[in-house]
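Report on the structure given below.
In my numbering, the protein residues as written are 73 to 214.
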(Lines of atoms letter the chains of each structure in order from A; the text may use other names.)
(Lines give C-alpha, C1' and ligand atoms only; values in the text may rest on other atoms or scores of the structure.)
Protein backbone atom coordinates (compact mmCIF):
# COMPACT_ATOMS: atom_id res chain seq x y z
CA UNK A 73 0.00 0.00 0.00
CA UNK A 74 2.83 2.39 0.56
CA UNK A 75 4.29 1.78 -2.89
CA UNK A 76 2.61 4.79 -4.60
CA UNK A 77 5.12 6.80 -6.52
CA UNK A 78 4.97 10.60 -6.65
CA UNK A 79 4.44 11.84 -10.20
CA UNK A 80 7.27 13.95 -11.53
CA UNK A 81 6.35 17.53 -12.34
CA UNK A 82 9.54 18.21 -14.19
CA UNK A 83 7.72 18.02 -17.55
CA UNK A 84 5.47 20.96 -16.53
CA UNK A 85 8.49 23.18 -15.93
CA UNK A 86 10.03 21.99 -19.18
CA UNK A 87 6.90 22.99 -21.13
CA UNK A 88 6.72 26.38 -19.36
CA UNK A 89 10.39 27.01 -20.14
CA UNK A 90 9.97 26.11 -23.82
CA UNK A 91 6.91 28.34 -24.15
CA UNK A 92 8.78 31.25 -22.57
CA UNK A 93 11.84 30.64 -24.73
CA UNK A 94 9.84 30.53 -27.96
CA UNK A 95 6.87 32.72 -27.07
CA UNK A 96 8.64 35.83 -25.77
CA UNK A 97 10.59 36.59 -28.97
CA UNK A 98 7.46 36.08 -31.07
CA UNK A 99 5.53 38.40 -28.73
CA UNK A 100 8.19 41.11 -29.00
CA UNK A 101 8.28 40.81 -32.79
CA UNK A 102 4.50 41.17 -32.99
CA UNK A 103 4.56 44.17 -30.65
CA UNK A 104 7.34 45.81 -32.71
CA UNK A 105 5.46 45.32 -35.97
CA UNK A 106 2.31 46.80 -34.44
CA UNK A 107 4.23 49.79 -33.03
CA UNK A 108 5.85 50.54 -36.37
CA UNK A 109 2.51 50.37 -38.16
CA UNK A 110 0.72 52.62 -35.67
CA UNK A 111 3.54 55.13 -35.36
CA UNK A 112 3.77 55.91 -39.03
CA UNK A 113 0.04 56.45 -39.54
CA UNK A 114 -1.17 60.03 -39.97
CA UNK A 115 -3.76 60.96 -37.35
CA UNK A 116 -5.87 64.07 -36.68
CA UNK A 117 -4.37 66.46 -34.14
CA UNK A 118 -5.89 69.39 -32.26
CA UNK A 119 -4.91 72.53 -34.18
CA UNK A 120 -4.03 74.49 -31.04
CA UNK A 121 -1.59 71.73 -30.06
CA UNK A 122 -0.24 71.53 -33.61
CA UNK A 123 0.45 75.25 -33.74
CA UNK A 124 2.01 75.15 -30.27
CA UNK A 125 4.35 72.44 -31.57
CA UNK A 126 5.19 74.73 -34.52
CA UNK A 127 5.74 77.60 -32.04
CA UNK A 128 2.98 79.74 -33.41
CA UNK A 129 -0.77 80.41 -33.29
CA UNK A 130 -3.51 80.32 -35.85
CA UNK A 131 -4.32 83.82 -37.08
CA UNK A 132 -7.57 85.43 -35.98
CA UNK A 133 -9.25 85.07 -39.38
CA UNK A 134 -8.26 81.43 -39.99
CA UNK A 135 -10.94 79.17 -41.48
CA UNK A 136 -11.16 75.51 -42.51
CA UNK A 137 -8.24 74.53 -40.28
CA UNK A 138 -7.20 70.89 -40.64
CA UNK A 139 -4.30 69.49 -38.62
CA UNK A 140 -2.64 66.09 -38.77
CA UNK A 141 0.38 64.49 -37.17
CA UNK A 142 2.66 61.52 -37.56
CA UNK A 143 4.70 60.42 -34.58
CA UNK A 144 7.34 57.76 -34.21
CA UNK A 145 10.98 58.68 -33.64
CA UNK A 146 10.34 62.16 -35.01
CA UNK A 147 7.13 64.13 -35.07
CA UNK A 148 5.73 65.63 -38.27
CA UNK A 149 2.77 67.99 -37.99
CA UNK A 150 0.86 69.58 -40.86
CA UNK A 151 -1.58 72.47 -40.57
CA UNK A 152 -3.72 73.65 -43.49
CA UNK A 153 -6.03 76.65 -43.23
CA UNK A 154 -7.40 79.61 -45.15
CA UNK A 155 -7.08 83.22 -44.12
CA UNK A 156 -7.53 86.67 -45.68
CA UNK A 157 -4.78 87.31 -48.20
CA UNK A 158 -4.13 90.80 -46.84
CA UNK A 159 -3.03 89.50 -43.43
CA UNK A 160 -0.67 86.72 -44.52
CA UNK A 161 2.56 88.73 -44.66
CA UNK A 162 1.92 90.37 -41.27
CA UNK A 163 1.03 87.03 -39.66
CA UNK A 164 4.21 85.42 -40.99
CA UNK A 165 6.34 88.38 -39.90
CA UNK A 166 4.97 88.38 -36.34
CA UNK A 167 4.76 84.59 -35.90
CA UNK A 168 8.12 83.67 -37.42
CA UNK A 169 10.36 86.77 -37.35
CA UNK A 170 13.53 84.70 -37.90
CA UNK A 171 12.10 82.99 -40.99
CA UNK A 172 13.81 83.23 -44.35
CA UNK A 173 12.66 82.49 -47.88
CA UNK A 174 13.75 79.05 -49.15
CA UNK A 175 15.92 78.53 -52.21
CA UNK A 176 12.91 77.42 -54.24
CA UNK A 177 9.19 77.90 -53.68
CA UNK A 178 6.28 76.30 -55.51
CA UNK A 179 3.73 78.62 -53.89
CA UNK A 180 3.11 82.35 -53.96
CA UNK A 181 4.96 82.90 -50.68
CA UNK A 182 7.21 80.51 -48.73
CA UNK A 183 9.13 80.69 -45.48
CA UNK A 184 11.56 78.35 -43.69
CA UNK A 185 12.25 78.60 -39.97
CA UNK A 186 14.55 76.54 -37.79
CA UNK A 187 14.72 76.57 -34.02
CA UNK A 188 18.21 75.50 -32.87
CA UNK A 189 18.33 72.73 -35.48
CA UNK A 190 15.86 70.72 -33.43
CA UNK A 191 12.57 71.96 -34.89
CA UNK A 192 11.90 73.05 -38.46
CA UNK A 193 8.86 74.86 -39.82
CA UNK A 194 8.07 75.21 -43.52
CA UNK A 195 5.26 77.52 -44.62
CA UNK A 196 3.81 77.65 -48.13
CA UNK A 197 1.09 80.13 -49.07
CA UNK A 198 -1.00 79.88 -52.24
CA UNK A 199 -3.20 82.86 -53.11
CA UNK A 200 -6.72 81.88 -54.12
CA UNK A 201 -9.53 83.77 -55.80
CA UNK A 202 -11.68 86.03 -53.68
CA UNK A 203 -8.98 87.52 -51.47
CA UNK A 204 -8.16 84.35 -49.55
CA UNK A 205 -4.91 82.49 -49.09
CA UNK A 206 -4.39 78.78 -48.48
CA UNK A 207 -1.63 78.29 -45.92
CA UNK A 208 0.17 74.95 -45.60
CA UNK A 209 2.45 74.69 -42.59
CA UNK A 210 4.63 71.66 -41.97
CA UNK A 211 6.76 71.28 -38.85
CA UNK A 212 9.00 68.46 -37.74
CA UNK A 213 11.50 67.82 -35.01
CA UNK A 214 14.60 65.70 -34.90
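Quick reminder that beta carbons are idealized off the backbone N, C-alpha and C, glycines included.
Bear in mind that the values here come from a model prediction, so they are computed numbers and not experimental data.
Cβ shell of residue i (< 6 Å), same chain only, five flanking positions each side left out
i           : result
residue 129 : 123
residue 197 : 160, 179, 180, 181, 205 and 207
Within 8 Å, strictly: CB atoms of residue i and residue j
i           : j           : result
residue 181 : residue 126 : no
residue 177 : residue 151 : no
residue 99  : residue 116 : no
residue 135 : residue 165 : no
Where residue i falls: helix, strand or coil (DSSP)
i           : result
residue 174 : coil
residue 80  : coil
residue 214 : coil
residue 141 : strand
Neighbourhood of residue i by C-beta distance below 8 Å, restricted to the same chain and skipping five residues each side
i           : result
residue 108 : 144
residue 156 : 133, 203, 204 and 205
residue 112 : 142 and 144
residue 137 : 119, 130, 151, 152 and 153
Beta-carbon proximity list for residue i, same chain, < 7 Å, skipping 5 on both sides
i           : result
residue 213 : 146, 147, 190 and 191
### Query
Should the segment 162-172 be called in touch with the segment 184-196, which here means at least 3 C-beta pairs below 8 Å?
yes
#### Entry: Ranges of the beta strand (DSSP E) found wholly within the segment 104-133, counting only runs of at least 3
none
### Task
Would you list, in sequence order, the uninterrupted alpha helix (DSSP H) runs of no fewer than 4 residues that lie entirely inside the segment 147-197?
160-167
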